[in-house]
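Protein chains in written order, with the working numbering: chain A, 1 to 412; chain B, 1 to 412.
Notes to accompany the following structure.
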């Protein structure tokens with residue numbers, strides 16, 4: 001809120017919003033939506049490369065479980081989630097070599113709530129958390145809500161956004177540092193951390209007595225035959241690790257809002273359970289869907305991975321073929337961060353929606369500025385998501401190519 | 001965490017949980033669950049008067065909407081909730097004379113999330129909120145998470161838990177006071193605030209420039225022909241009022257986790273939308289169920305209200321007939337707070353589960369201590385919920401009567 005609006009409010013004698021609320025950023029992924037709506041209203045077709053909403057069908061078996069459930073009283077479930085679902089999740093985690101029990105799991109309302117449980121259970125206002133940037137923008141919003149300070153550690157587009165060195169991490173650690181957080185495979189960069197990198201992170205966490213939070217909601221989305229190595233595989237880190245998970249992407253079921261908070265640290269678990277009890281229960285239908293989804297046949301995932309790999313190749317090769325553009329080839333998730341020859345990504349992304357069209361079409365991108373905490377970073381970068389089919393991706397690429405030819409703020 | 005356990009953790013070289021996390025209380029409604037489980041394991045039947053989980057069927061039309069929905073991709077919904085659901089909610093609110101638009105509504109994950117949105121949008125750490133006590137225990141948990149101080153203002157069992165005087169409120173107001181919160185009809189007392197009382201609250205909020213939060217999730221549960229008067233009916237308070245709502249109790253659909261955050265204050269709304277966007281979307285299936293539920297025929301509510309009124313009369317008259325007990329006759333919700341001739345409600349409620357049975361049966365109650373912030377209050381009070389059928393309520397009453405005859409901590 002500006003000083004002027006504060007004065008107006010005081011004159012009007014109205015209660016004012018919280019300071020925390022006023023400092024929260026608008027979602028970089030969603031803040032351009034009004035401009036996209038306006039473009040559509042002018043008859044422009046908008047290819048949405050800004051958002052990670054898969055177009056893949058939710059497995060039929062999982063959807064049918066909800067349709068076939070006949071529950072006369074839609075009651076609260078256990079605050080940790082239905083035991084039958086947690087038992088089924090144990091089966092799923094065993095299938096990816098993660099050895100846990102139902103008592104290590106709290107079913108959450110999406111990965112977002114799992115993140116809030118981790119922050120509130122482990123961090124106090126004023127505490128610091130180190131996160132390699134660029135990072136998923138909402139981490140910062142949740143940190144602001146909790147009064148936690150995000151200390152970004154820059155990963156570089158030239159290295160394909162690999163993990164910064166141990167030395168770089170250790171330089172960031174202060175007496176207030178309480179945790180390190182990583183997203184693997186990464187949103188927004190698509191980077192897949194190697195076993196060695198995760199082990200390095202584990203060593204730092206262990207040595208400095210830090211929590212290690214890992215968001216692994218894209219675990220199934222790895223390409224080129226690469227293997228995902230989970231923080232849960234780290235030995236001797238049982239008291240440090242908190243896994244944040246979600247069925248949203250795995251089963252293309254973002255709308256059910258069903259995630260999981262997982263830790264072998266019993267004190268952290270008990271604390272998170274107090275938070276879980278305060279909000280009573282996670283949503284029932286998402287648990288029914290999630291429980292059935294564990295039985296989704298491997299062919300489903302194989303087909304999805306093949307499709308995403310083809311999409312990835314289309315978008316990455318396509319962007320790299322545009323003069324002045326560079327984007328690393330990601331090994332996971334369905335995003336990447338591309339460097340474009342532009343003056344400012346916020347301006348460019350808005351211009352694409354407000355002033356540009358190519359044969360009545362344009363493209364919506366997420367300015368990378370919102371994925372950095374460090375001021376001035378990401379101004380020549382955008383996050384591209386490749387959740388659209390290949391034909392649409394090709395049209396979106398054409399729009400981008402044509403747009404860069406005439407964008408007034410082009411830099412080289 | 002005790003000092004000793006801190007030391008043990010330091011010795012073990014483990015990261016420690018947050019201070020905030022360590023101060024969070026265990027739910028007074030759920031903390032006795034392990035003792036109830038143990039009683040059941042010994043073959044004791046436990047009548048659960050501790051929890052507000054209705055046994056009433058969710059309306060069939062609402063359930064069928066979920067069963068009949070055939071959605072190939074379970075996508076995120078709009079962060080404010082599907083427009084079709086918000087439009088239907090507008091229809092519902094019009095039916096109870098609350099005049100709002102779809103742009104005043106954010107669909108939330110249960111009433112709990114609506115409460116968090118209100119706290120985070122309007123209050124900063126260190127701010128104070130005045131709440132008549134006894135109050136719903138989780139308000140305090142959410143306040144602790146946000147660093148907000150709850151200033152309880154005692155309502156008295158002798159007055160049937162009526163609203164304290166304006167003078168009592170004004171004595172509580174400090175420069176840090178930012179909001180007043182009320183639950184109407186009240187959980188845990190069952191008290192229904194009159195139009196005059198709500199207007200008084202509105203005057204205080206207006207005069208002192210405070211937010212007025214109202215949890216009205218039991219709006220439909222009013223008895224003896226009484227009328228519910230909403231904070232949304234207050235004129236001139238449009239900038240102060242935030243309504244917290246939920247379908248959980250209205251349609252006996254606690255498990256869908258579908259609530260609403262409603263305000264005509266555009267700045268508060270915009271701030272809450274930043275929180276809503278950070279968590280992406282409320283659950284889809286609850287919105288489908290909620291949208292269909294608005295068309296539930298009036299007979300459903302009439303039957304439910306008649307059943308609850310009969311249950312209320314059974315439990316209230318039954319408790320008042322036990323020597324030494326007193327409970328006011330509530331006009332709303334499905335709870336009341338009863339005074340019992342006991343030394344300590346925590347001890348008594350635990351004893352009921354651990355040491356007592358009457359013909360192989362016992363009763364589970366919620367100690368009222370958890371509903372008070374003021375130290376020492378509620379030690380001779382319990383919250384009773386009347387969500388069971390009349391036959392079970394009568395058996396539960398018999399257990400309570402027999403228990404009080406032999407409880408070693410009986411006081412008169």
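Built from N, CA and C at the ideal position, the CB exists for glycine as well.
Partners in chain B for residue i, counting only beta-carbon separations shorter than 7 Å
i: residue 160 of chain A; result: Residues of chain B passing the Cβ test: none, with the nearest at roughly 27 Å.
i: residue 125 of chain A; result: 125 and 147
i: residue 181 of chain A; result: Those do not exist, as residue 181 of chain A stays about 13 Å from chain B at its closest Cβ, beyond 7 Å.
i: residue 20 of chain A; result: 120 and 124
i: residue 138 of chain A; result: 278
i: residue 48 of chain A; result: Those do not exist, as residue 48 of chain A stays about 12 Å from chain B at its closest Cβ, beyond 7 Å.
Contact set between residue i and chain A, taken where Cβ atoms lie within less than 7 Å
i: residue 66 of chain B; result: 66 and 285
i: residue 53 of chain B; result: 75 and 76
Spatially closest choice to residue i from the options, by CA coordinates
i: residue 29 of chain B; options: B:92, B:212 and B:136; result: B:136
i: residue 412 of chain A; options: A:56, A:254 and A:322; result: A:322
i: residue 413 of chain B; options: B:43, B:332 and B:68; result: Residue 413 of chain B lies beyond the stretch modelled for chain B, which goes from 1 to 412, so this question has no answer here.
i: residue 334 of chain A; options: A:342, A:340, A:316 and A:320; result: A:316
i: residue 20 of chain A; options: B:110, B:124 and B:162; result: B:124
i: residue 174 of chain A; options: A:378, A:210, A:183 and A:162; result: A:210
i: residue 330 of chain A; options: A:158, A:147 and A:55; result: A:158
i: residue 54 of chain A; options: A:400, A:338, A:365 and A:255; result: A:255
i: residue 168 of chain A; options: A:41, A:154 and A:139; result: A:154
i: residue 248 of chain B; options: B:37, B:27, B:23 and B:57; result: B:57
i: residue 359 of chain A; options: A:27, A:43, A:33 and A:17; result: A:43
i: residue 35 of chain B; options: B:140, B:346 and B:265; result: B:346
i: residue 309 of chain B; options: B:291, B:224, B:265 and B:17; result: B:224
i: residue 253 of chain B; options: A:281, A:23, A:222 and A:265; result: A:281
i: residue 63 of chain B; options: A:147, A:62 and A:70; result: A:70
i: residue 145 of chain B; options: B:376, B:23, B:341 and B:313; result: B:23
i: residue 45 of chain B; options: B:396, B:407 and B:410; result: B:396
i: residue 18 of chain B; options: A:270, A:61, A:342 and A:398; result: A:270
i: residue 188 of chain A; options: A:337, A:89, A:344 and A:91; result: A:337
Proximal residues of chain A, C-beta to C-beta of residue i below 8 Å
i: residue 391 of chain B; result: Those within 8 Å of residue 391 of chain B in chain A number zero; the least Cβ separation is about 18 Å.
i: residue 56 of chain B; result: 73
i: residue 88 of chain B; result: What residue 88 of chain B touches in chain A: nothing, since even the nearest Cβ is about 18 Å away.
i: residue 142 of chain B; result: 278
i: residue 271 of chain B; result: 17, 18, 21, 22 and 24
Under 8 Å from the C-beta of residue i: neighbouring residues of chain B
i: residue 26 of chain A; result: 274 and 277
i: residue 254 of chain A; result: 74, 75, 76, 280 and 281
i: residue 298 of chain A; result: Chain B residues near residue 298 of chain A: none, gap ~20 Å exceeds 8 Å.
i: residue 101 of chain A; result: Per Cβ cutoff of 8 Å: no residues; residue 101 of chain A is ~18 Å from chain B at best.
i: residue 250 of chain A; result: Per Cβ cutoff of 8 Å: no residues; residue 250 of chain A is ~12 Å from chain B at best.
Inter-residue CB distance, residue i and residue j (contact presumed, cutoff 8 Å)
i: residue 374 of chain B; j: residue 133 of chain B; result: 6 Å
i: residue 403 of chain A; j: residue 326 of chain A; result: Contact doesn't hold; Cβ gap of about 17 Å is too wide.
i: residue 161 of chain A; j: residue 191 of chain A; result: 4 Å
i: residue 65 of chain B; j: residue 289 of chain B; result: 6 Å
i: residue 222 of chain A; j: residue 122 of chain A; result: Going by Cβ atoms, the distance from residue 222 of chain A to residue 122 of chain A rounds to 28 Å, so no, they are not a contact pair.
i: residue 368 of chain A; j: residue 378 of chain A; result: 4 Å
i: residue 251 of chain B; j: residue 293 of chain B; result: 4 Å
i: residue 343 of chain A; j: residue 409 of chain A; result: 4 Å
Contact set between residue i and chain A, taken where Cβ atoms lie within less than 9 Å
i: residue 14 of chain B; result: 209, 239, 240, 265 and 267
i: residue 110 of chain B; result: 109, 279, 280, 281 and 283
i: residue 178 of chain B; result: 15, 16 and 18
i: residue 40 of chain B; result: The contacting residues do not exist; residue 40 of chain B stays about 15 Å from chain A at best.
Any non-hydrogen atom of the ligand MN closer than 6 Å to residue i Cβ
i: residue 186 of chain B; result: Only the bare structure without any ligand can be found here, which leaves the ligand MN out of the picture.
9 Å Cβ cut-off: residues of chain B touching residue i
i: residue 413 of chain A; result: Lying before the first or after the last residue shown, residue 413 of chain A is absent from chain A, which here runs from 1 to 412.
**Message:** Any contact between the segment 237 to 250 of chain A and the segment 258 to 270 of chain A? By contact I mean 3 or more CB pairs, one from each, below 8 Å.
**Reply:** In short, these stretches touch, since the Cβ pair count reaches three.
**Request:** Give the residues from the segment 305 to 322 of chain B that approach chain A closer than 9 Å (Cβ to any Cβ), ordered along the chain.
**Result:** Listed by position, the residues of the segment 305 to 322 of chain B near chain A (Cβ gap below 9 Å) amount to none.
**Request:** Mind the definition here: the segment 269 to 285 of chain B touches the segment 337 to 354 of chain B only if three or more C-beta pairs lie below 8 Å; say whether that holds.
**Result:** Short answer: they don't touch.
**Message:** I want to know whether the segment 379 to 387 of chain A touches the segment 31 to 51 of chain A - three or more CB-CB distances under 8 Å.
**Reply:** Contact holds: three or more Cβ-Cβ distances are below 8 Å.
**Three or more C-beta pairs below 8 Å linking the segment 195 to 208 of chain A and the segment 222 to 231 of chain A** = Here the segment 195 to 208 of chain A lies against the segment 222 to 231 of chain A, with 3 or more beta-carbon pairs under 8 Å apart.
**Prompt:** Just by C-beta distance, which residues in the segment 364 to 382 of chain B are closer than 8 Å to chain A?
**Reply:** Against chain A - using a Cβ distance shorter than 8 Å - the segment 364 to 382 of chain B contributes no residues.
**Message:** With a threshold of 8 Å, are at least 3 pairs of Cβ atoms found where one atom belongs to the segment 281 to 291 of chain A and the other to the segment 71 to 79 of chain A?
**Reply:** Yes, they touch.
**Prompt:** Is the segment 294 to 307 of chain A touching the segment 82 to 89 of chain B, taking contact as three or more C-beta pairs under 8 Å?
**Reply:** Of all C-beta pairs linking the segment 294 to 307 of chain A to the segment 82 to 89 of chain B, fewer than three are shorter than 8 Å, placing the two stretches out of contact.
**Asked** Between the segment 197 to 225 of chain A and chain B, which residues of the former have a C-beta closer than 7 Å to a C-beta of the latter?
**Response** Taking 7 Å as the Cβ-Cβ cut-off against chain B, the residues of the segment 197 to 225 of chain A that qualify are 209, 210 and 211.
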